[in-house]
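Novice:
Residue numbers (the working numbering): 4 to 90.
1. Tell me which same chain residues have a C-beta within less than 6 Å of the C-beta of residue 20, skipping the five on either side of it?
2. Quick check on residue 32: buried or exposed, where buried means 16 or more other Cβ atoms within 10 Å of its Cβ?
3. Quick check: the segment 22-39 against the segment 55-68, are at least 3 beta-carbon pairs closer than 8 Å?
4. Among 40, 52 and 10, which one has its Cα closest to the Cα of residue 17?
5. Would residue 101 and residue 22 qualify as a contact pair, given that the criterion is a beta-carbon distance under 8 Å?
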């Protein structure tokens, strides 16, 4: 998963939201970078109740990469078929 939705209720003072994914600086909570917790977990400082979305920032490059890869494959197959017909 590259996206988590979290609801926090009953928070009376600022706290850390820690989730058990290996630490990676590309996770984001409202454009806030994570802090390492115990040197291996992701942690975010949360100051009030609310609904939060934690996303993996690098995921936004996956879909454009798939489009480029798919287009390249289509072009390669087209060129391969075209050179076969010419021979």
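All C-beta atoms in this analysis are idealised placements derived from N, C-alpha and C, irrespective of residue type, glycine included.
Specialist: This is what the structure gives:
1. Here the set comprises 47 and 49.
2. buried
3. Verdict: yes, contact present.
4. 52
5. A question about residue 101 goes unanswered here, because the residues of the chain that appear run from 4 up to 90.
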